[in-house]
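Engineer: All letters in the sequence shown, in the order written, are residues -12 to 209 by the numbering used here. Quick reminder that beta carbons are idealized off the backbone N, C-alpha and C, glycines included. For clarity, every value in this text was computed on a predicted model and none was experimentally measured. One structure, as structure tokens, below. Some questions next.
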Amino acid sequence: MFYMSLNDSDIKDLLNLINDLSKHQDIKDKADASGQIIKGTRAKENQKNSIVDGEIYPIPPDFDHKNIINELLTNLTLTYAQIVNSHVEDDIALMDDSKALENLKQMGKEFTAQIQAVWYVKMKQGDFHILHEHSTSGATFSGAIYLNVPDIPWPQGSISWIPPGGRNTMYNGKWQIQPKVGDVFMWPAWLMHTVYPFQAEGERTMISFNSVVLNKDGEKVV
């Protein structure tokens, strides 16, 4: 799991971009017509795994004309990849395999990131997501950036991650967090997670994304 917090300026820029995109009904209609809605939709379709009154739409690359989102997500992905790589380095160092360790260090210097999908989510009172994961898309990492969060009591609106076998351990194995404005989370795409509803006025606005880490030959790093 990776966590950081954005500064106020970045939050403002991203929120303005998302709110602007949300007003473009022509872009949303085009996404509807081409089936580009990502794992959820508006109230009229009321899918079992979706929010019920908000909206989820992909963010077209050409709408991010200042490259704000792509640059941020690329940097986040590479940062998380380096963190994961460093932990593997530590494990290999304990094995006293100097050749493998050197190869891994070199690999870490040559990582590139590819943003596989990015979409915005506007959740309203009572909206939720059931337990799901993103690895079927082929992603390495998934992430969420919170730009606007209503004032709500714990544990409303929290996100919960459940590792494999987590519910069957003596410690319950669940990580549950109530996000704040500016929070950024990244996790392995295979990690199951769910979002609980909140009972308050206002919207919770966030950016979600899937990304892939590639080696120097353009091959996916698992």
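Report the residue from -6, 44, -10 and 148 whose alpha carbon sits nearest the alpha carbon of residue 181.
Structural biologist: 148
Engineer: Under the rule that 16 or more other beta-carbon atoms within 10 Å means buried, what is residue 69, buried or exposed?
Structural biologist: exposed
Engineer: Alpha carbon to alpha carbon, what distance is there between residue 183 and residue 165?
Structural biologist: 10 Å
Engineer: May I ask which residues mark the beginning and end of the beta strand (DSSP E) holding residue 40?
Structural biologist: Annotation: residue 40 is outside any beta strand (DSSP E) and is labelled neither H nor E by DSSP.
Engineer: Which class does residue 109 belong to by DSSP, given the choice of helix, strand or coil?
Structural biologist: In the displayed model, residue 109 falls within a strand according to three-state DSSP.
Engineer: Which residues in the same chain as residue 163 place their Cβ atom closer than 6 Å to its Cβ, once the five residues preceding and following it in sequence are excluded?
Structural biologist: Contacts found: 145 and 147.
Engineer: What is the DSSP secondary structure of residue 50, reduced to helix, strand or coil?
Structural biologist: helix
Engineer: If you follow the beta strand (DSSP E) that residue 138 is part of, which residue opens it and which one closes it?
Structural biologist: Premise fails: residue 138 is in no beta strand (DSSP E) and is neither H nor E.
Engineer: Kindly list the residues whose CB is nearer than 7 Å to the CB of residue 121, restricted to its own chain and excluding five residues on each side of it in sequence; keep chain order.
Structural biologist: Cβ neighbours of residue 121 beyond the five flanking positions: 129, 176 and 197.
Engineer: Pop quiz: residue 143 and residue 103 are said to be a contact at Cβ under 8 Å. What is the actual Cβ separation, rounded to whole angstroms?
Structural biologist: The Cβ separation is near 30 Å, so there is no contact.
Engineer: When the distance is taken between beta carbons, is residue 109 closer than 7 Å to residue 192?
Structural biologist: yes
Engineer: Does DSSP put residue 183 in a helix, a strand or coil?
Structural biologist: coil
Engineer: Would residue 66 and residue 100 qualify as a contact pair, given that the criterion is a beta-carbon distance under 7 Å?
Structural biologist: The answer is no: Cβ separation not under 7 Å.
Engineer: Spatial neighbours of residue 188 within its chain, please: CB distance less than 8 Å, with the 5 preceding and 5 following residues excluded, ordered by chain position.
Structural biologist: 112 and 137
Engineer: Would you check if the distance between the CB atom of residue 44 and the CB atom of residue 17 is smaller than 7 Å?
Structural biologist: no
Engineer: Could you say which of 134, 10 and 42 lies nearest to residue 1 if we only look at CA atoms?
Structural biologist: 134
Engineer: Hey, how far is the Cα of residue -11 from the Cα of residue 98?
Structural biologist: Cα to Cα, residue -11 sits roughly 17 Å from residue 98.
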